[in-house]
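Please read the structure below before turning to the comments.
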Amino acid sequence: MKRTAPAKKKTARVTIRDVAKDAGVSVAAVSKVLRDAYGVSENLSLKVRASMKKLGYRPLASARGMRGRTYTLGLIFPDLRNPFFADIYAGINSALERTQYQAMQGVSPTATALIEAMIDRQMDGLILIGPNEELEMLIETAERTPLVAIGQHDSSGDAFDTVNNDDKLGARLVVQHLMKNGFRNIAMLSVSEPASTVVHHRELGYCAEMTDQQCADFIHIVRAPQVARDVQVAVRRLLESKNRPEALFCWTDLMAFEAISVATELGLGIPDDIAIVGYDNTIFCDFAQNALTSVDQSGELLGLQAARLVVERINGRTNAEHLVITPRIVARNSSHPRSPHQD
DNA sequence: TTGCGCCCTATTAATAAATC
DNA sequence: GATTTATTAATAGGGCGCAA
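Here it is, written out as structure tokens:
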């Protein structure tokens, strides 16, 4: 029995053809208006835009993708809990505001599957934030799609662009600041897994400055998995130990807040019993109960530059740019000089 | 099951038409 | 005649229908 052919699905979607017909111009003319391409009169542009508005036309990303552009960027964040990533996101958004590009986000500590998914969906370029992938893998990805990494210090050659803050300098600034305020026995709270190049650089900076300040004997790095419970256990052990440090440099604000919480629970005064410094200068540093000294690495600027670079890559730039932003310390109560009547 | 050809939608190179 | 503006035809990757 002959099966009746299914009725041809009538696409409700308005296409460039419908717009062209309505405006009385060619589809190519509409395409040019869409892309702000050269060779379109003001008059024609107005006509086309009026028709697009009237018909509610939206360009179809997949169809644009066939010709090489979807005007979509993929952002991959390692997690959503750290408010620092919101600063980066704000920067990316403000850079894209005046462009046709839209950013789509994904969240995964191991970006590999998400990278594939975004390439499958024909994203024009990717911005990876704090990627933990092997350098090899990043380079291989960069061969397939324009790529910019924020927070990746390994030398990538020309394969992809990087945007970083000077993490070694940031850590040095912390040590210098604490020394200036009278703290010499400074421990560092770091992360064990996954160990990104960012963590590594902060540890290097901490060690280098401690050595330069003749305090190499005090160098003490505590590494905990980036899980609230594990951090609390590690901090508690450190603060309860016989040779408790005078100050604790935490590799992110998020860890510093954990440290503040544990210190408070133990009845320790901040900064008289233990000074605490974070990194990222996230909004919660300003809250009175935290008053956390931190390093500002301007997440917004990092995001803004990354977005600019990836669009440049998409437009054909092949040589790499490696931007480094200078961090600055923002002092608050958590690291003020200790009260004079302390021993 | 395989393979051909068409369709989907938007862009672009080549070309034609309009304007100064 | 030169320059600007708009059109036509070719094209992209993958899904789908149809014939072999």
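Here the first sequence is numbered in the numbering used here, starting from 1 and rising by one per residue. For every residue, glycine included, the Cβ atom is placed at its ideal position computed from N, Cα and C. The structure presented is a predicted model; accordingly, all values stated were derived computationally and were not measured.
- Under the DSSP assignment, L323 falls in the beta strand (DSSP E) whose first and last residues are 322-325.
- Within its own chain, the residues whose Cβ lies closer than 7 angstroms to the Cβ of I283, once the five positions on either side in sequence are excluded, are P83, listed in chain order.
- Here S26 is exposed, its C-beta having fewer than 16 other C-beta atoms within 10 Å.
- Taking a cut-off of 8 angstroms for Cβ pairs, the segment 162-177 and the segment 192-205 touch, as three or more such pairs fall below it.
- In the structure shown, the three-state DSSP call for M104 is strand.
- Remark: C-beta atoms of I329 and E246 do not approach each other more closely than 8 angstroms.
- Contact between L55 and D18 is confirmed by a C-beta separation of about 6 angstroms, below the 8 angstroms threshold.
- Judged by their CB atoms, A259 and L268 are not nearer to each other than the 8 angstroms cut-off.
- Between A95 and R308 a beta carbon distance of about 5 angstroms is seen, short of the 8 angstroms cut, so the two are scored as contacting.
- Using a 10 angstroms sphere on the CB of V295, the tally of other CB atoms reaches 16 or more, which defines it as buried.
- Burial check for Y38: the Cβ neighbour count within 10 Å stays below 16, so the residue is exposed.
- Non-local C-beta neighbours of P194 in its own chain, meaning closer than 6 angstroms and more than five positions away in sequence, comprise N132, ordered along the chain.
- The beta carbons of I76 and L114 sit closer together than 8 angstroms.
- The C-alpha of I150 lies about 14 angstroms from the C-alpha of D79.
- In this structure, L73 lies away from G106, with their beta-carbon atoms at least 8 angstroms apart.
- The DSSP-derived three-state label of L239 is helix.
- A direct Cα-Cα distance of roughly 19 angstroms separates Y89 from V198.
- Using a Cβ distance threshold of 8 angstroms, T145 and I119 count as a contacting pair.
- Inter-residue distance for I221 and L189 is about 6 angstroms (C-alpha atoms, whole angstroms).
- At least 8 angstroms separates the beta-carbon of S196 from that of A320.
- Restricting attention to E116, R172, G303, the CA atom closest to the CA of Q213 is found in R172.
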